[in-house]
Amino acid sequence: MAMSLNGMIASKNGDEDFLSDANWESFRKLAEKHGCFIIGRKTYEAVQKWSDYNFDDIDAKLKIVVSGDKNLKLEPPFLLATSPDDAVKKAETMNFENVILTGGSTINGAFITENLIDEVIINIEPAILGNGVPLFAENEFEKRLSFIESIKITDDILQVRYKVNKT
Ligand SMILES: NC(=O)c1ccc[n+]([C@@H]2O[C@H](COP(=O)([O-])OP(=O)(O)OC[C@H]3O[C@@H](n4cnc5c(N)ncnc54)[C@H](OP(=O)(O)O)[C@@H]3O)[C@@H](O)[C@H]2O)c1
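Numbers given in the numbering used here equal positions in the sequence shown, counted from 1, plus 71.
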């Protein structure tokens, strides 16, 4: 995920104009390394309308879209999952060891609440937004993390990685 310094992943109207292209490149590398990523239905629909790049440009074997709509029509390599648990099971069935969950806010909140996130990888964009879409939608959870590493991926963007403690 890429966020402002104060934890916003999109502006109030849903655009990501404050985020640099380097964040997409960083996501692309991770998704292509692991071969599978998961997104919420709203993120899928929003990003597929972008003009510069979209999820079709990612060379991944499996692209899971989570939606409660069982009739949602998707073309391979996009695959429908009807819950976070279903998404993880589908990736496991196809033998993916690691899967990149890449938002948005609602799906992130659902996965963390269901204890389905092992590691958090965040790119911090040097911006502060007075309002917007938060990294995790409000829900009943509190997680403790262990620091893994931080990497400067451009002159401006810091990537931080944390393990989610499962105790
Ligand atoms: N900065 C970043 O790194 C980044 C990354 C991704 C997205 N974003 C931004 O995040 C925003 C979208 O976030 P969002 O919170 O509005 O939407 P979202 O999380 O992308 O998608 C929400 C949808 O996912 C499905 N869903 C969520 N939880 C579910 C569950 N437990 N079971 C079944 N389906 C579930 C539902 O689809 P149905 O309504 O079809 O049932 C729900 O409406 C966009 O503005 C996007 O640009 C930013």
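From the three backbone atoms N, C-alpha and C, an ideal C-beta is built for every residue, glycine too.
Same chain, Cβ closer than 6 Å to residue i, five either side skipped, listed in chain order
| i | result |
| --- | --- |
| Q230 | N194, I222 and I224 |
| L26 | As displayed, the chain neither begins before 72 nor continues past 238, which places residue 26 out of reach and without an answer. |
| G111 | V137, G175, T177 and I178 |
| V191 | Y233 |
Residue interval of the beta strand (DSSP E) (run including residue i)
| i | result |
| --- | --- |
| M194 | According to the sequence displayed, residue 194 carries Asn and not Met. Per DSSP, N194 belongs to the beta strand (DSSP E) from E190 to E196. |
| V170 | Neither: V170 is in no beta strand (DSSP E) and is coded neither H nor E. |
| L229 | L229 to V235 |
| A152 | F149 to A152 |
Beta-carbon separation (whole angstroms), residue i vs residue j, contact threshold 8 Å
| i | j | result |
| --- | --- | --- |
| P155 | A181 | 5 Å |
| F167 | I183 | The pair is not a contact, with the Cβ atoms about 20 Å apart (cut-off 8 Å). |
| S75 | A198 | 4 Å |
| A162 | I135 | 7 Å |
| I228 | N94 | 7 Å |
Beta-carbon proximity list for residue i, same chain, < 8 Å, skipping 5 on both sides
| i | result |
| --- | --- |
| D123 | D92 |
| K204 | Here residue 204 turns out to be Val, not Lys, going by the sequence shown. If we look at V204 and ignore the five residues flanking it on each side, its Cβ neighbours are M79, I80, A81, S82, K83, G85, G175 and S176. |
| Q119 | N125, F126 and D127 |
| E87 | A73, I80 and A81 |
Range covered by the alpha helix (DSSP H) that runs through residue i
| i | result |
| --- | --- |
| I222 | Where I222 is concerned, there is no enclosing alpha helix (DSSP H), although the beta strand (DSSP E) it sits in stretches over L216 to K223. |
| I183 | S176 to T184 |
| V136 | Here V136 belongs to no alpha helix (DSSP H); instead the beta strand (DSSP E) covers L133 to V137. |
Residues near residue i by beta carbon distance below 7 Å, same chain, minus five either side
| i | result |
| --- | --- |
| R215 | N236 |
| F218 | Y233 |
| F212 | I183 and T184 |
| L90 | A73 and E196 |
| L200 | S75, N77, M79, S82 and F89 |
| F98 | T173 |
Of the residues the options, the one placed nearest residue i, counting alpha carbons only
| i | options | result |
| --- | --- | --- |
| T114 | E96, K104, S138 and D128 | S138 |
| V159 | L133, D140 and K141 | L133 |
| D130 | W121, K141, G106 and T238 | G106 |
Suppose only complete runs of 3+ residues qualify. What are the beta strand (DSSP E) ranges in the region 72-113, listed by chain order?
The region 72-113 contains these whole beta strand (DSSP E) runs: 73-75, 79-81 and 107-111.
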